[in-house]
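Structure record follows, encoded as C-alpha cells.
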Ligand SMILES: Nc1ncnc2c1ncn2[C@@H]1O[C@H](COP(=O)(O)OP(=O)(O)O)[C@@H](O)[C@H]1O
Ligand SMILES: [Mg+2]
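Residue numbers (UniProt numbering), protein chains in the order written: chain A, 1 to 206; chain B, 1 to 331.
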C-alpha cells in the first residue's frame, strides 16, 4: 500500500469537511479554556488549503504537503497556525520529491511532524496540547506494520478524549491552571479530525 | 450582535483602510498585507521596531506607529496572532540595515508566529531580535508554563523603546532598554462585561448583571476571581494590591501610571479609578512621575479597565518624555 497525491488531497478535503462541520464546536471548546477562536482559525485555514490544492497540479506528495503547510502558516494564525504549518512542512521535507509514500516513509514523516510541533511549541506530553494526540499516534504507527484505518482512528480518538483529564501547562489554557481540567483540548480535537480523515482515506483504499 | 461593520470577515481590512486614511501623512498600509508602517519607512540609521498582535485592541498596535514609537504594526484577525508572512513583510519594510527589534506580547501564538518570521528574516540576512512583554500579574510567572500575558504595559514598551531607537541607539542598547521596561512594568485588568468577536457573533464568556471579573485577559481569558461589582475604591484597591505585591516598590520610588479603558468604559470612570490609584500610591509615599488615562489597549467593547505601573529611573523618565508623533499615543 502506498499513499499518493490524490490520497493526500482527499485527506485534506475530508479534514476540511470535518473541521467546517465542527467549526462551532471547536470554538466552543476554545471559549471554555482559551479565547474561542480555534474553530474560526482552523475553518479559515483548511478552507484555503482545499481551494489551493484543488486548483494546483501536483506530481509529488511533498509538493501537496508543502502547499498545505504554507497555506496553514499564512491563514490560520494564533498558536495552531505555526504548529500545524510546521507539522506539514516537516512531513513535506521528509518526503521531498516523492510521488508514492510507503508505510515506513509515512511513519517517518509523521514522526518528523511531531518533532516539529515539539520544537516549535516547546510542549511535551501531558501538557494538554497537540502533542497529546500526535505523540500517541506516532507511537501507534511505529507499532503497526502497515496503514491501519482502525488503529489510527481509535488512537486519535482515545488520546483526544484523554486530554479532558489533563491540566494545561502550555498555550492559553495554561492561564486556567487546575480549572482547565475537565475540558477537552480544542487543538487535540482538531488533530483528531485530521487523523480520523486519514483513517477514512486508508479505509477507502490506499 | 450589534456592530457598525460591513462584513465580519472584513473587519480587519476595513479598519486598517480607515486607519491609514485618517493619518495619510504619518502611516501607510503595505499593499496586500495587514501591515501598517511609517510613511517614511525604512528610517535610516535607526533600529526598526515592529510590534503587532490580534486585532480588537485598537488603538494598539497601529496607533503606535509613528515617529518616536513603532516603525510597523502587524494586525492579525480579531484576537488572533498575525501570521509569519505578514510579520516578515513588516520586518523587511522597516529594516534600514541596523536590524529590527520585535516587541511581542507573551501569548503562545504571538511568540511562535513572530519567531518564525524572525527565522525567515534572518535567512534573508536581516538582524532580528525580540523582546517579549509579560506584564499581567493575574497570571503566575513561571518558566514551566506559558507564563504571564502581555497587556497594556506593552504601550510603555513601545513608547520608551521608540524614543531610544529614535536617538540612534544600537540594537544592543535598544534591546537592553526594552528589557528594562519589561522588567519594571506590571499590570492587571478587570471586566464588567464581555465582548463579542465579530466572526463569532456571541460573547466569549458571560458575566451576570451584578458580577465583575478580576484579572481578566484582553482576549477575555478568565481571570483570578468573579465577585459582585463593588465601588471604584474597592476595585482599585484590589487591582493595586496585586500589582504592588509583584513590584517591591519602596517609599520614594517613582512610577508612571496607566489607567486603560477596555473599550466600553467611560473616561469618567477611568478618572475615578485614577483618583483611587493616586491616593493609594501617595499614601505609600510612591511618587507619580506621569499619568496616562484613556484607551490604549482595548478588548473590543468590553467594559472594564486595567491598571499599569512602570517603575521609572532617570533614563526611562527622559525616554517617556521624548516626543512621539504616533497618532494614538495620548499624553
Ligand atoms: N505550545 C504548544 N504546543 C503544542 N500545541 C499547542 C501549544 N500551545 C497551544 N497549542 C494548541 O493550540 C490550540 C489553540 O489553538 P488556537 O485557539 O487556534 O490558538 P490561540 O491559542 O492562539 O488562540 C490548543 O488547544 C492547543 O492544542
Ligand atoms: Mg484560541
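Quick reminder that beta carbons are idealized off the backbone N, C-alpha and C, glycines included.
Note that the structure is predicted; figures quoted are calculated from it, not measured.
Neighbourhood of residue i by C-beta, 6 Å cutoff - its chain only, sequence neighbours within 5 removed
i	result
residue 76 of chain A	41, 45
residue 301 of chain B	195, 263, 264
residue 236 of chain B	273, 276, 277
residue 52 of chain A	67, 71
residue 140 of chain A	151, 155
Residue i versus residue j - alpha carbon distance
i	j	result
residue 192 of chain A	residue 93 of chain A	23 Å
residue 26 of chain A	residue 63 of chain B	32 Å
residue 11 of chain A	residue 58 of chain A	15 Å
residue 23 of chain A	residue 81 of chain A	15 Å
residue 164 of chain A	residue 134 of chain A	16 Å
residue 252 of chain B	residue 72 of chain A	52 Å
residue 24 of chain B	residue 12 of chain B	18 Å
residue 105 of chain B	residue 210 of chain B	31 Å
residue 6 of chain B	residue 77 of chain B	15 Å
residue 157 of chain A	residue 149 of chain B	32 Å
residue 292 of chain B	residue 259 of chain B	6 Å
residue 289 of chain B	residue 270 of chain B	18 Å
residue 139 of chain B	residue 176 of chain A	9 Å
residue 88 of chain A	residue 69 of chain A	5 Å
residue 134 of chain B	residue 202 of chain A	45 Å
residue 10 of chain B	residue 97 of chain A	38 Å
residue 119 of chain A	residue 90 of chain A	11 Å
residue 164 of chain B	residue 79 of chain B	29 Å
residue 173 of chain B	residue 132 of chain B	16 Å
residue 143 of chain B	residue 174 of chain A	12 Å
residue 144 of chain A	residue 162 of chain A	21 Å
residue 224 of chain B	residue 166 of chain A	20 Å
Same chain only: Cβ atoms within 8 Å of residue i, ignoring 5 sequence neighbours per side
i	result
residue 202 of chain B	1, 196
residue 99 of chain B	47, 48, 126, 127, 128, 129, 171
residue 94 of chain B	37, 38, 41, 42, 43, 48, 49, 50, 71, 72, 100
residue 166 of chain B	46, 67, 68, 322
residue 57 of chain B	218, 297, 298, 299
residue 122 of chain A	170
residue 156 of chain B	181, 185, 256, 258, 308, 310, 320
Amino acids of chain A, ordered along the chain, whose beta-carbon sits closer than 9 Å to that of residue i
i	result
residue 84 of chain B	73, 74, 81, 82, 85
residue 137 of chain B	Ordered by position in chain A, no residue passes the 9 Å Cβ test against residue 137 of chain B, which lies about 12 Å from the chain.
Same chain, Cβ closer than 7 Å to residue i, neighbours up to 5 away in sequence not counted
i	result
residue 84 of chain B	113, 116, 117, 120
residue 138 of chain A	110, 111, 114
residue 189 of chain A	26, 29, 160
residue 15 of chain A	46, 193, 194, 197
residue 89 of chain B	30, 33, 35
residue 247 of chain B	186, 309, 311
residue 117 of chain A	83, 86, 87, 130, 131, 134
residue 28 of chain B	20, 37, 39
beta-carbon residue i near ligand 3 non-hydrogen atom, thresh 7 Å
i	result
residue 38 of chain A	As far as ligands go, the structure on display features ligand 1 and ligand 2 and does not contain ligand 3.
Residue i versus the options, residue with shortest Cα-Cα distance
i	options	result
residue 189 of chain B	B:136, B:164, B:163, B:154	B:136
residue 199 of chain A	A:178, A:152, A:121	A:152
residue 213 of chain B	B:59, B:193, B:198	B:193
residue 331 of chain B	B:139, B:79, B:295	B:295
residue 329 of chain B	B:140, B:297, B:186	B:297
residue 101 of chain A	A:1, A:202, A:205	A:1
residue 239 of chain B	B:290, B:309, B:221, B:106	B:309
residue 184 of chain B	B:20, B:28, B:316	B:316
residue 60 of chain A	A:5, A:108, A:91	A:5
residue 123 of chain B	B:92, B:3, B:286, B:304	B:92
residue 199 of chain B	A:7, A:35, A:13, A:9	A:35
residue 107 of chain B	B:232, B:177, B:221, B:324	B:221
residue 17 of chain A	A:54, A:43, A:64	A:43
Chain A contact residues for residue i, given Cβ-Cβ distances below 7 Å
i	result
residue 306 of chain B	Correct list: empty, because the minimum Cβ distance to chain A is about 15 Å.
residue 34 of chain B	Within chain A, no residue comes near residue 34 of chain B; the closest Cβ sits about 10 Å away, beyond 7 Å.
residue 116 of chain B	82
Chain-ordered neighbours of residue i on chain B, where CB pairs are closer than 7 Å
i	result
residue 116 of chain A	Going along chain B, no residue has its Cβ under 7 Å from residue 116 of chain A, so there is no contact; the nearest lies around 11 Å.
residue 78 of chain A	80, 81, 109
Within chain B, the residues that residue i reaches when beta carbons sit closer than 9 Å
i	result
residue 205 of chain A	Here the premise fails: no neighbours, minimum Cβ distance about 36 Å.
Within chain A, the residues that residue i reaches when beta carbons sit closer than 8 Å
i	result
residue 146 of chain B	169, 170, 171, 172, 174, 175
Check your understanding: If contact means a Cβ-Cβ distance below 9 Å, which residues of the segment 167 to 186 of chain A contact chain B?
Key -> 168, 169, 170, 171, 172, 173, 174, 175, 176, 177, 179
**Study point:** Near-chain B residues of the segment 14 to 44 of chain A - C-beta to any C-beta below 8 Å
**Key:** 27, 31, 34, 35, 36, 37, 40, 41, 44
Review point. Residues in the segment 198 to 228 of chain B with C-beta within 8 Å of chain A's C-beta atoms, listed in sequence order?
Key: 199, 200, 204, 205, 217, 219, 220, 221, 222
Point to revise | Members of the segment 102 to 113 of chain B near chain A, C-beta cut-off 8 Å | key: 107, 108, 109, 112, 113
Exercise for review: Compile a chain-ordered list of the residues in the segment 94 to 123 of chain A whose CB is closer than 8 Å to at least one CB of chain B.
Suggested key: 120, 121
Practice item. Output, in sequence order along the chain, the residues in the segment 65 to 96 of chain B whose CB is closer than 9 Å to any CB in chain A. Key: 76, 77, 78, 79, 80, 81, 82, 83, 84, 85, 86
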